[in-house]
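The structure under discussion appears below in the form of structure tokens.
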Amino acid sequence: MLDKPKIALLGPIPPFRGGISQYTFELQKVLENRSNLLTISFHRQYPGFLYPGKTDLDPFYKGQKLENVSYTIDALDPFSLVKVADSVLKSGCELAILSWWTLFWAPGFAFISSRLRRSGIKTVFLCHNLFDHDSGFLKKFITKILIRNADGYLVHSSEQKEILSSIFPDKIILQNPHPIYEQFPAPKGILKPRGKLELLFFGFIRPYKGLDLLLEALAKLNDPEIYLTVVGESWKDPEELISFSKKLGLNNVEFHLEYTDESSVSEFFYRADLVVLPYRSATGSGVATIAYHYEKPILATRVGGFLDTIIDGETGFLIEPGSSDIIAEKIRPLSRKSLGKMKSSIRNFKRNFTWESMVSKIIEFHSIFNKRS
Numbered sequence: 000m001l002d003k004p005k006i007a008l009l010g011p012i013p014p015f016r017g018g019i020s021q022y023t024f025e026l027q028k029v030l031e032n033r034s035n036l037l038t039i040s041f042h043r044q045y046p047g048f049l050y051p052g053k054t055d056l057d058p059f060y061k062g063q064k065l066e067n068v069s070y071t072i073d074a075l076d077p078f079s080l081v082k083v084a085d086s087v088l089k090s091g092c093e094l095a096i097l098s099w100w101t102l103f104w105a106p107g108f109a110f111i112s113s114r115l116r117r118s119g120i121k122t123v124f125l126c127h128n129l130f131d132h133d134s135g136f137l138k139k140f141i142t143k144i145l146i147r148n149a150d151g152y153l154v155h156s157s158e159q160k161e162i163l164s165s166i167f168p169d170k171i172i173l174q175n176p177h178p179i180y181e182q183f184p185a186p187k188g189i190l191k192p193r194g195k196l197e198l199l200f201f202g203f204i205r206p207y208k209g210l211d212l213l214l215e216a217l218a219k220l221n222d223p224e225i226y227l228t229v230v231g232e233s234w235k236d237p238e239e240l241i242s243f244s245k246k247l248g249l250n251n252v253e254f255h256l257e258y259t260d261e262s263s264v265s266e267f268f269y270r271a272d273l274v275v276l277p278y279r280s281a282t283g284s285g286v287a288t289i290a291y292h293y294e295k296p297i298l299a300t301r302v303g304g305f306l307d308t309i310i311d312g313e314t315g316f317l318i319e320p321g322s323s324d325i326i327a328e329k330i331r332p333l334s335r336k337s338l339g340k341m342k343s344s345i346r347n348f349k350r351n352f353t354w355e356s357m358v359s360k361i362i363e364f365h366s367i368f369n370k371r372s
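0 is the number of the first residue of the sequence shown in numbering that gives the first Met the number 0; add one for each residue after it.
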């Protein structure tokens, strides 16, 4: 029997909150069964001024850290990066998987990767986002320089794979779809469907996600029997969203503009007939995998990973980005009954989105590097 590979996994993890943190946690649970795993996360993820009056910790964990995680990386201590690299070296790991999701941490993780590579340890960037969503020329230029510091890349979308292949034609780039989150509890059915159609917009609200277009589309539909629930913390002042909705004359929108625990998440998805993701741009979306977990169809734009994760007309619908008219016209003929018929297709399709498959790609990197050494 072959020995399990020694692997290091670096990234945010609970008690830190957010999609990347939850992703790392779910990946860790499966990866530790197939490897000798060292997991390293943050002591402090961001400086406090980035969260004025708020916290980047998930209240569910009440500040409790996971027992099998080393919380070492500190946003205010650059020497912690050296400590992390040294701890990976001392552990005897052969492969390090580093999360790549924001320019803020790109220099730090590029430094760790570079230090490990100089000592003979292979590194892979697990790319959630190649570039920040609001990246201009300078940010993209800096990112392209920093992201060179890896031996391989693991991505979720064919679009990201094509971009990286054009930059690094000689490096190993593997693709695997974003796995489905399975940790959410079964709904109790507390929230009952209203009217003829329940729409759900879920996730951290930022300009690129196109919520403004969805609200405009709802106003153009002018149908009080179509309800929209908006759930997520807002990038801007929440009152701006509510005010914008009122200016459009909307009385069929329900806002929950704060952090939402998993039990509440299950109720919102249970009530929804359709999850709407009208993004102007995207790489991938964890929200889509939550929708599939609850076997809900998705209306999304033809950007990024949606092209790989949605079968148009079977598990959801794909539309062109940037138009409230297109959103409205796609929603207009839909009904609760017609959307419900998509459940069986979603159930079959979501079998492709497993954490085991994701871990197999990581093990594949280990095998490829061993053959080349």
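Each residue gets a CB set at the ideal place from its N, CA and C atoms; glycine is no exception.
- For the options Ile172, Glu239, Glu319, the alpha carbon positioned closest to that of Gln159 is the one of Ile172.
- Burial check for Asn67: the Cβ neighbour count within 10 Å stays below 16, so the residue is exposed.
- Looking at the DSSP output, Ile96 shares a beta bridge with Leu8, Val123.
- Excluding five sequence positions before and after Tyr70, the CB atoms of its chain that fall closer than 7 Å to its own CB belong to Ser40, Phe41, His42, Lys64, given in chain order.
- In the DSSP secondary-structure assignment, Tyr70 is bridged to Ser40.
- In this structure, the CA atom of Phe305 is about 18 Å from the CA atom of Leu163.
- In the same chain as Ser244, and ignoring 5 residues on each side of it, the C-beta atoms closer than 6 Å to its own belong to Leu214, Val252, in chain order.
- Taking C-beta separations shorter than 8 Å and ignoring five residues to either side along the sequence, the partners of Ser113 in its chain run Asn148, following chain order.
- Taking each of Phe15, Ile96, Ser263 in turn and checking the Cα distance to His365, the smallest one comes out for Ile96.
- Listed as beta-bridge partners of Gln174 by DSSP are Val154.
- Relative to Leu196, the option among Val230, Leu273, Tyr269, Tyr45 whose CA is nearest is Leu273.
- In the three-state DSSP reduction, His292 falls in the helix class (H, G or I).
- Leu153 is positioned such that its CB atom lies no closer than 7 Å to that of Phe110.
- Shown here, Leu298 sits in a strand according to DSSP, grouped into three states.
- Counting along the chain, Gly107 sits inside the alpha helix (DSSP H) bounded by residues 105 to 117.
- Between Leu210 and Phe203, the gap from beta carbon to beta carbon reaches 7 Å or more.
- In this structure the region 9 to 22 does not lie against the region 220 to 235, because fewer than three pairs of beta carbons, one per stretch, are closer than 8 Å.
- The three-state reading of DSSP puts Glu266 in helix, counting H, G and I together.
- If you draw a straight line from the Cα of Lys5 to the Cα of Glu328, it comes to about 52 Å.
- Taking a 10 Å sphere around the C-beta of Pro11, we find 16 or more other C-beta atoms and assign the residue as buried.
- Taking all protein chains shown into account, Gly91 has fewer than 16 neighbouring C-beta atoms within 10 Å of its C-beta and is therefore exposed.
- Annotation: the region 200 to 272 contains the following complete segments of the alpha helix (DSSP H) (minimum length 4 residues), in chain order: 210 to 220, 237 to 246, 261 to 270.
- The alpha carbon of Ala281 has as its nearest neighbour, out of Asp55, Arg331, Ser134, Arg350, the alpha carbon of Ser134.
- Assigned with DSSP and collapsed to three states, Phe316 falls in strand.
- Per the DSSP secondary-structure output, Asp311 pairs in a beta bridge with Gly315.
- Per DSSP, the unbroken alpha helix (DSSP H) holding Leu30 starts and ends at 18 to 30.
- One thing to note: Pro13 has its Cβ within 7 Å of the Cβ of Asp57.
- For Asp76, the secondary structure class from DSSP, reduced to helix, strand or coil, is strand.
- For Thr101, same chain residues with a beta-carbon under 8 Å away, outside a window of 5 residues either side, are Asn128, Asp131 in chain order.
- Taking the Cβ atoms as the reference, Tyr293 lies roughly 17 Å from Phe316, outside the contact range of under 8 Å.
- Secondary structure at Asn148: coil, using DSSP grouped into helix, strand and coil.
- Ranked by how close their Cα comes to the Cα of Pro77, the residues Phe103, Leu88, Asp55 have Phe103 in first place.
- Asn175 is classed as buried because its beta carbon has at least 16 other beta carbons within 10 Å across all chains shown.
- Beta-bridge partners of Glu197 (DSSP): Tyr226.
- The three-state secondary structure of Phe15, taken from DSSP, is strand.
- According to DSSP, residue pairing for Leu276 in a beta bridge involves Ala299.
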